[in-house]
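Note sheet for the following structure.
Number of protein chains: 4
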Amino acid sequence: MSSINSHQWLLIDRKVRFGDTDPAGVIHFHNLLRWSHEAWEQSLELYGLQPSDIFPCNKKVDDDQNIVLPIVHCEADFRRPIFIGDHLKVEIIPEKLDIGSFQVRTKFLCQDYCVALGLIRHLAIRENTRERCSLPKHIELWLEASSLNLGLRPV
Amino acid sequence: MSSINSHQWLLIDRKVRFGDTDPAGVIHFHNLLRWSHEAWEQSLELYGLQPSDIFPCNKKVDDDQNIVLPIVHCEADFRRPIFIGDHLKVEIIPEKLDIGSFQVRTKFLCQDYCVALGLIRHLAIRENTRERCSLPKHIELWLEASSLNLGLRPV
Amino acid sequence: MSSINSHQWLLIDRKVRFGDTDPAGVIHFHNLLRWSHEAWEQSLELYGLQPSDIFPCNKKVDDDQNIVLPIVHCEADFRRPIFIGDHLKVEIIPEKLDIGSFQVRTKFLCQDYCVALGLIRHLAIRENTRERCSLPKHIELWLEASSLNLGLRPV
Amino acid sequence: MSSINSHQWLLIDRKVRFGDTDPAGVIHFHNLLRWSHEAWEQSLELYGLQPSDIFPCNKKVDDDQNIVLPIVHCEADFRRPIFIGDHLKVEIIPEKLDIGSFQVRTKFLCQDYCVALGLIRHLAIRENTRERCSLPKHIELWLEASSLNLGLRPV
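Protein sequences, first through last, are from chains A, B, C and D. Heads up: the first sequence begins at 36 in my numbering, then just goes up one per residue. Heads up: the second sequence begins at 36 in my numbering, then just goes up one per residue. Heads up: the third sequence begins at 36 in my numbering, then just goes up one per residue. Heads up: the fourth sequence begins at 36 in my numbering, then just goes up one per residue.
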């Protein structure tokens, strides 16, 4: 686990690119949820986890204990138009829901205004049986460490 | 406006393609909302509207009356895994919310099971001032015609 | 194998959707290659093959003989702007290159004008060793059947 | 224009994310060209140009002199599989082709191996007439400055 300050792993930069936007000149809506997911991936990485710890990938040995974290719900709110070239700050707000699920809220800030909100909810299941199970230990630890941080920085 | 039966314009086919899925072997989540939007576009078209009636595009003459329909909220629920090659039926359920907003629910069926749900909420605003306004007449008519249909086919 | 006429499996319809385009009001360029791939998938399906015959997917039993078809090259040419709502015809032109590789050219027509061209080149490799091998039998047959058709319809 | 060293504006970092990959466990092919374009955008920005200088966007005043830079050709070569979590270095190699066109080559390196190559070719046209014209002055300057750099770093 890395020793960096918690603020760093829960605050991600994102630049809006030309291909993210549509003929209305603003972000094409579902890209926001792509950014939410990528910000989460970046957060895990800054915290010290590897993608192969979390995501199914062909480098991994199959075993009965493999846990995957499918998304069961996502949503987004758009409060102000997001333009090409906008420099966004993405605040990550993780939350454990129960023994086998958690969600990650994302708050998109542009020049200190909240321009959009994202939410992605995950469930832990065994890859082979697709039955619900407890969250993997490293996700538990990341959720705990992240919520400590949130105690100091209420949203 | 076309004379086709209402069932046709509110029921869209969708085939899951290789690039829609991720290393977990199921749909990469935010593509579902892309499908919801594309199913809505197809529905408008089957009903008899042209994309240039609805969407900002460079063929259109700019005028003060241009109304755009930005998305203010979207969400999706995933109930069962959606695999490559799955043949989905997408049921479109439009709903007027008030004088200046509406939402489109989408219900994704695979072999008669509901595998996922989508929802996209739009607001009408004037393109030049970005102030709220009434829905465009043709969207009003499409919403009315679609809700008549829903009376006969409760969900 | 289906009994439909060969013209049908090599000619695909494609409607340009709002999210396919960018603030220039025309297709965002790399989507064309997504369409090329999806047209190829649709062609295989119309011919009578299942996605699970061709693509790695989690429904498939792993065995030493699994062949995958990674893309080693792709390209696209854009001749005229492609706008939202355009109704394109996609002509599929498959070609065997050698014992272990093939390419699929795609010609995008809008109102009888060629507006764009795509090309995707695949190599056959064994999934476990990643060594080159011969094309799978069903791809061989699809290539043969498709080239017979092209004999009657020179491009 | 910024005073940073030329190496910085022509060398971009890219992390491969879960949603970039497909069920084969490697990058879904056309995303590479998205990365090429985004690396070019980032390069322009590091050099000191704003997106609104280059790309059509709704903040810009329309005038007869507006020049747009549509893509007329793109291609990509895939030499080694690119996996989720891979940390890529993207080298940008711009080249003026003639008075009204240029191309940007991108070389993707992973642990010092070249894993893929991209190429995107642009044409300068007047937005209103869609007739060919000379490259905009700021693109000329970026091309000149970038090629000076390349003299010192042959590929």
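We treat Cβ as the ideally placed atom computed from N, Cα and C, and that holds for glycine. Keep in mind it's a predicted model, so treat the numbers as computed, not measured.
Taking residue i as the query, report the chain A residues whose CB atoms sit under 8 Å from its CB, ordered along the chain.
i, result
"histidine 65 of chain B", "His65, Asn66, Leu68, Arg69, His72, Cys109"
"alanine 180 of chain B", "Near alanine 180 of chain B there are no residues of chain A at all, since even the closest Cβ is about 25 Å away, more than 8 Å."
Report the CB separation of residue i from residue j in whole angstroms; it is logged as a contact under 8 Å.
i, j, result
"tryptophan 70 of chain C", "arginine 52 of chain C", "That pair is no contact at about 11 Å."
"aspartate 112 of chain D", "alanine 151 of chain D", "6 Å"
"histidine 65 of chain C", "leucine 68 of chain D", "4 Å"
For residue i, return the contacting residues in chain B, with the cut-off set at a CB-CB distance below 9 Å.
i, result
"phenylalanine 90 of chain A", "Asp57, Pro58, Ala59"
"valine 103 of chain A", "Ala59"
Residue i versus chain A: which residues are under 9 Å apart at the beta carbon?
i, result
"proline 129 of chain D", "Here the premise fails: no neighbours, minimum Cβ distance about 17 Å."
Below 9 Å on C-beta distance, what does residue i contact in chain C?
i, result
"arginine 52 of chain B", "Arg69, His72, Glu73, Glu76, Gln77, Pro86"
Mind checking which residues open and close the beta strand (DSSP E) that includes residue i?
i, result
"glutamate 126 of chain B", "122-133"
"leucine 144 of chain D", "136-145"
"leucine 45 of chain B", "Per DSSP, leucine 45 of chain B belongs to no beta strand (DSSP E) and is neither H nor E."
"histidine 108 of chain A", "106-113"
Given this structure, state the Cα-to-Cα distance separating residue i from residue j, to the nearest angstrom.
i, j, result
"valine 125 of chain B", "phenylalanine 90 of chain A", "29 Å"
"glutamine 138 of chain B", "isoleucine 106 of chain D", "36 Å"
"aspartate 57 of chain C", "glutamine 100 of chain C", "43 Å"
"serine 181 of chain C", "isoleucine 128 of chain C", "8 Å"
"leucine 167 of chain A", "isoleucine 174 of chain D", "Before going on, a small fix: residue 167 of chain A reads as arginine here, not leucine. If I take the Cα positions, the gap works out to 55 Å."
"histidine 122 of chain D", "glutamate 130 of chain B", "45 Å"
"leucine 170 of chain B", "isoleucine 155 of chain A", "31 Å"
"arginine 115 of chain A", "leucine 46 of chain C", "42 Å"
"cysteine 145 of chain B", "glutamate 80 of chain D", "46 Å"
"isoleucine 117 of chain A", "leucine 84 of chain C", "43 Å"
"leucine 132 of chain C", "phenylalanine 143 of chain B", "40 Å"
"tryptophan 44 of chain C", "glutamate 73 of chain C", "13 Å"
"glutamate 76 of chain C", "isoleucine 119 of chain B", "11 Å"
"lysine 172 of chain C", "proline 86 of chain A", "36 Å"
"glycine 60 of chain D", "leucine 158 of chain C", "16 Å"
"threonine 164 of chain D", "threonine 164 of chain B", "28 Å"
"serine 78 of chain A", "aspartate 147 of chain B", "39 Å"
"cysteine 149 of chain A", "glutamate 179 of chain A", "25 Å"
"leucine 183 of chain A", "leucine 183 of chain B", "52 Å"
At a CB-CB cut-off below 8 Å, which residues of chain B make contact with residue i?
i, result
"isoleucine 119 of chain D", "Pro58"
"aspartate 133 of chain A", "Under the 8 Å cutoff, chain B gives no residues; its nearest Cβ is about 17 Å from aspartate 133 of chain A."
Output the boundary residues of the alpha helix (DSSP H) element that contains residue i.
i, result
"glutamate 162 of chain B", "Neither: glutamate 162 of chain B is in no alpha helix (DSSP H) and is coded neither H nor E."
"arginine 69 of chain B", "66-82"
"aspartate 88 of chain C", "86-89"
Tell me which residues share the same chain as residue i and place their Cβ nearer than 6 Å to its Cβ, disregarding the 5 neighbours each side in the sequence.
i, result
"glycine 54 of chain A", "none"
"arginine 140 of chain A", "Ile128, Leu154"
"tryptophan 177 of chain C", "Tyr82"
"glutamate 110 of chain C", "Leu154"
"isoleucine 134 of chain C", "Ser169"
"serine 37 of chain B", "Bear in mind that a pLDDT of 40 at serine 37 of chain B, under 50, signals an unreliable position, so the number given afterwards is only what the model happens to contain. Correct list, in chain order: Gly83."
Determine the chain D residues that contact residue i at a beta-carbon separation under 9 Å, and present them in chain order.
i, result
"aspartate 147 of chain C", "None at all; the shortest Cβ gap to chain D is about 20 Å."
In chain C, which residues lie with their C-beta within 8 Å of the C-beta of residue i?
i, result
"aspartate 112 of chain D", "Val107, His108"
Considering only residues of the same chain and omitting the five flanking positions on each side of residue i, which have a CB-CB separation below 7 Å?
i, result
"valine 103 of chain A", "Pro91, Ile160, Glu162"
Less than 8 Å between C-beta atoms, sequence neighbours within five positions excluded: which residues of the same chain meet that for residue i?
i, result
"histidine 63 of chain B", "Asp55, Thr56, Asp57"
"serine 136 of chain D", "Val107, Arg156, His157, Leu158, Ala159, Leu170"
Looking at the ligand GDP, does it come within less than 7 Å of residue i, judged from the CB to the closest heavy atom?
i, result
"phenylalanine 64 of chain B", "The model depicted lacks the ligand GDP and carries no ligand whatsoever."
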